[in-house]
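The sequence shown begins at 1 in UniProt numbering and counts up by one. Below is one structure, written out as structure tokens, with a few remarks after it.
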Amino acid sequence: MEGIKIQRYILSQKNPITLLSAILIALAFFGRFFLNNMFIFNWALIVASILGVAPIVIQAYQALKVKVVSIDVLVTIAVIGAVLIQNYEESAIVTFLFLFGSYLEQRTLNKTRSAIKELTELAPESALKQIEDGEFVEVDVDDVDEGDILLVKTGAKVPVDGTVLAGEGHINEASITGESVPVSKKIDSKVFAGTILENGTIRIQADRVGEDTTFGRIIELVEEAQDSKSEAERFIDRFSKYYTPAVLVLGFIVLLFSKDMELAITILVLGCPGALVIGVPVSNVAGIGNGARHGILLKGSEVINDFSIVDTIVFDKTGTLTVGNPEVAEKEFYGNNREEILGYLASVERESDHPLAKAVLQDIGETTFSTVEETEVVKGAGIVAKIGIHRIAVGNIALMEKENVTLSEKAKKDVKRFENNGNSLVLTAVDGELKALMGIRDQIRPGVKKVLQNLKKLGVQNLVVLSGDNQGTVDVVARELGLTEAHGHMLPEEKSAYIEKMQATGQMIAFVGDGVNDSPSLAIADIGIAMGSGTDVAIETSDVVLMNSDFSRLPHALGLTKSTARNMKQNIAIAVGVVLVLLASLLFSEWMNMSIGMLVHEASILIVILNGMRLLRYRFRG
């Protein structure tokens with residue numbers, strides 16, 4: 001037990017030991033060159049070697065206990081060997097460089113994790129909770145339960161996900177969406193934990209608390225993503241597991257045949273695979289951190305690799321390419337009892353939460369509602385219900401066909417005209433007769449065309465839209481946006497089947513949807529991208545979440561993954577290249593020695609870390 005305490009203490013003092021080693025090495029060279037005193041030179045270096053190797057020996061011992069031959073093992077053997085051959089200069093400098101390199105690595109790695117640090121610092125710690133007498137008292141955020149009433153004042157963090165009950169104000173939602181422009185909140189508005197009320201005072205009811213909040217889920221997902229390993233990282237882990245012992249064996253063989261202890265020890269130092277082991281993880285961590293800062297959740301390194309080679313992006317239409325707030329643009333009636341038909345239509349549509357139903361109700365406005373019975377939702381087609389003795393069918397052409405509703409020549413021409421104008425169709429039939437036709441149009445998201453052009457610049461070859469809407473509407477959107485393919489009248493399962501068909505031809509598919517009714521497609525695509533403001537389904541089903549549902553984030557997300565994948569390859573090339581150059585220099589030149597080798601080795605680790613850190617500053621220039 002005492003031994004474990006000593007080990008922990010020595011490891012906790014690594015930084016002071018590094019500083020003391022530097023002072024002793026400086027003292028040694030001062031004694032030699034200014035005082036011409038070899039006693040000071042040798043003993044200062046011996047003490048520096050013993051001090052410096054202590055934490056390295058402990059780390060090597062801990063690694064060997066779990067049957068891992070780590071870099072620390074190689075350095076420990078090299079330093080002991082250097083002391084045995086009385087090369088104190090080499091042993092002291094190697095231990096100092098190794099410890100100093102570890103210190104710099106830790107500092108720079110902490111910077112790559114800065115995005116997560118910033119996120120966790122934004123997590124709220126307290127809340128003003130209403131107690132029984134109506135007063136608000138400050139409590140720890142962990143003491144807030146669902147249903148509690150909370151007060152949020154100007155400048156305070158919103159402690160939970162909730163609904164505004166009273167008051168209004170503007171909230172900075174950058175921690176959730178990556179967008180710093182304040183969002184107006186009033187009664188019934190949803191608010192998210194970790195966001196900041198910039199002005200106003202609001203009273204909210206807690207809907208989700210603790211780790212269940214959107215903010216809590218974001219932190220959890222990003223941390224999981226940074227801890228997950230890609231296939232490349234797993235390969236490097238396996239490689240280093242066998243590579244390090246191989247270097248040890250190589251050093252032993254060289255010693256056996258050459259009888260040159262210094263050469264064998266130098267091989268151990270030069271063969272350390274530090275930069276190779278750390279190069280890929282640091283790129284991933286920095287890339288995921290950059291995404292988190294910009295409201296983009298990339299769920300792990302495997303996602304980064306797959307997304308970077310996507311050549312086809314498939315889009316849902318409503319709520320993705322379009323705003324998702326459709327309005328009635330055209331309508332036709334067949335019969336005289338218009339008010340009665342509108343009353344039936346409104347009564348049935350009130351049973352649905354579909355965006356088209358909301359548009360119909362908004363257009364009808366005030367009307368007389370009737371009692372609706374025997375409601376049946378027909379998947380991908382509409383609703384059939386009974387009102388009194390009448391059978392009412394509200395939906396698309398497919399539903400009319402299913403209900404054996406015959407369309408007159410005029411109705412067929414109207415349907416064709418509405419479709420050509422880019423409308424989604426809502427037909428209403430009463431007792432098997434068509435009574436009304438409404439054309440509903442959704443506005444294309446602002447700036448979508450520019451975003452799609454940027455995706456093409458990034459190497460995406462095919463842009464495809466799959467929609468449950470009629471073909472005419474889908475074609476209008478495709479023409480306006482310059483899409484490669486457009487397919488309408490598709491049910492959710494037909495969309496996923498089409499994606500499978502494209503994958504079978506060798507295409508790498510990303511699917512972009514709202515994360516609600518497109519879960520099968522999000523799941524089956526190589527990369528599922530949810531346009532969702534932190535909805536549960538979006539977060540769970542997809543590989544990438546655009547937290548603010550802002551289409552303009554998509555090129556940044558794709559460009560970031562391409563830069564991250566490229567950065568990983570650069571780091572691997574740097575790491576392998578440095579080891580090859582060092583070994584070649586050792587074999588074919590006179591100037592290479594253990595100290596220079598360790599210096600170059602530590603420099604290569606810093607180079608790959610700094611190269612990875614460049615990703616923190618990545619911004620897409622469209």
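Note that beta-carbon positions come from the ideal geometry of N, C-alpha and C, so glycine has one too.
### Task
Taking N284 and T561 to be in contact with their CB atoms under 8 Å, please state how far apart those CB atoms are, rounded to whole angstroms.
Not a contact, Cβ separation roughly 10 Å.
### Task
Round the Cβ separation of L491 and G468 to the nearest angstrom and send it over; I've been treating them as touching at under 8 Å.
Yes, L491 and G468 are in contact; Cβ-Cβ is about 7 Å, under 8 Å.
### Query
Should I304 go down as buried or exposed, given a rule of 16 or more other Cβ atoms within 10 Å for buried?
Note on I304: 16 or more other CB atoms within 10 angstroms of its CB, so buried under the neighbour-count rule.
#### Entry: Rounded separation between Q106 and F215 - CA only
27 Å
### Task
Return the chain-ordered ranges of every beta strand (DSSP E) run that is complete within the region 180-216 and spans a minimum of 3 residues.
183-185 and 196-208
### Message
Residues in the same chain with beta-carbon distance under 8 Å from T154, minus the five sequence neighbours each way, listed in chain order, please.
### Response
Excluding sequence neighbours, T154 sits near G169, L197, E198, N199, G200 and T201.
### Message
Whether or not the region 471-488 and the region 416-427 are in contact is what I'm after, with contact meaning three or more pairs of Cβ atoms, one per stretch, closer than 8 Å; do they touch?
### Response
yes
### Query
Grouping DSSP H, G and I as helix and E and B as strand, with all else coil, what is E138?
strand
### Query
Apart from the five residues just before and just after L24, which ones in its own chain have a Cβ nearer than 6 Å to its Cβ?
Same-chain partners within the cutoff: A44, V47 and A48.
### Message
Rounding to the nearest angstrom, what Cα-Cα distance links I392 and P326 in this structure?
### Response
23 Å
### Option in T428, K190, L606 and R614 with minimal Cα separation from A385
T428
### Query
With DSSP run on the structure shown, which of helix, strand or coil describes R338?
helix
### Message
Closer than 6 Å to a non-hydrogen atom of the ligand FAD - does that hold for the CB of D148?
### Response
This structure does not include the ligand FAD; it has no bound ligands of any sort.
### Query
So, is G534 buried or exposed, given that buried needs 16 or more other C-beta atoms within 10 angstroms?
The predicted model places G534 with a pLDDT of 43, which falls under 50 and marks its position as unreliable, so this point remains unresolved.
### Query
Which value, in whole angstroms, describes the spacing of the CA atoms of A557 and Q7?
44 Å
### Query
Which one of E374, K331 and G365 has the shortest CA to CA distance from V415?
Comparing C-alpha distances from V415 to each of E374, K331 and G365 shows the shortest one belongs to K331.
### Query
Going by beta carbon distance, what residues of the same chain come within less than 6 Å of K495, once the five residues before and after it are set aside?
L466 and S521
### Status (buried if at least 16 other CB within 10 Å, exposed otherwise) for A584
exposed
### Query
Given 8 Å as the limit, is there contact between the region 180-189 and the region 134-154, that is, 3 or more CB pairs closer than that?
no
### Message
Do A286 and G612 have their beta-carbon atoms positioned less than 7 Å apart in this structure?
### Response
yes
### Query
Rounded to a whole number of angstroms, what is the C-alpha to C-alpha distance between Q86 and N571?
36 Å
### Query
For F511 versus G528, is the C-beta distance shorter than 7 Å?
Less than 7 Å divides the Cβ of F511 from the Cβ of G528.
### Buried or exposed (CB count within 10 angstroms, at least 16 for buried), T406
exposed
### Message
Considering only DSSP beta bridges, list what I149 is partnered with.
### Response
Beta-bridge pairing links I149 to Q205.
### Query
Excluding the five sequence neighbours on either side, which residues of its own chain have a C-beta within less than 8 Å of the C-beta of residue 632, listed in chain order?
Outside the modelled stretch of the chain, which goes from 1 to 622, sits residue 632, for which no answer is possible.
### C-beta atoms of L554 and V451 nearer than 7 Å
yes
### Task
Evaluate S258 with the Cβ neighbour count: other Cβ atoms within 10 Å of its Cβ, from every protein chain shown; 16 or more gives buried, anything less gives exposed.
Classification of S258: exposed, given that the 10 Å Cβ count is below 16.
### Query
According to DSSP, which residues form a beta bridge with Q130?
F136
### Query
Between V394 and the rest of its own chain, which residues show a CB-CB distance below 7 Å, the 5 nearest in sequence each way excluded?
L345, V348, E349, G382, I383, V426 and T428
### Query
Apart from the five residues on each side of it in sequence, which residues of its chain come closer than 6 Å, Cβ to Cβ, to residue 646?
The structure shown does not extend to residue 646, since the chain is modelled only from 1 through 622, so no value can be given for it.
#### Entry: Collapsed DSSP secondary structure at A398 in the structure displayed
A398 falls in the helix class under three-state DSSP.
### Message
Please report the straight-line C-alpha distance between I56 and L20, rounded to a whole angstrom.
### Response
15 Å
### Task
Return the CA-CA distance between F315 and K435, expressed in angstroms with no decimal places.
F315 and K435 have their C-alpha atoms some 34 Å from each other.
### Task
Would you mind sorting I605 into buried or exposed? The rule is 16 or more other CB atoms within 10 Å of its CB.
buried
### Three-state secondary structure assigned by DSSP to D383
Contrary to the premise, residue 383 reads as Ile rather than Asp in this sequence. In this structure, I383 counts as strand in the three-state DSSP scheme.
### Message
Restricting to Cα atoms, I'd like to know which of P124, A525 and R208 is closest to E146.
### Response
R208
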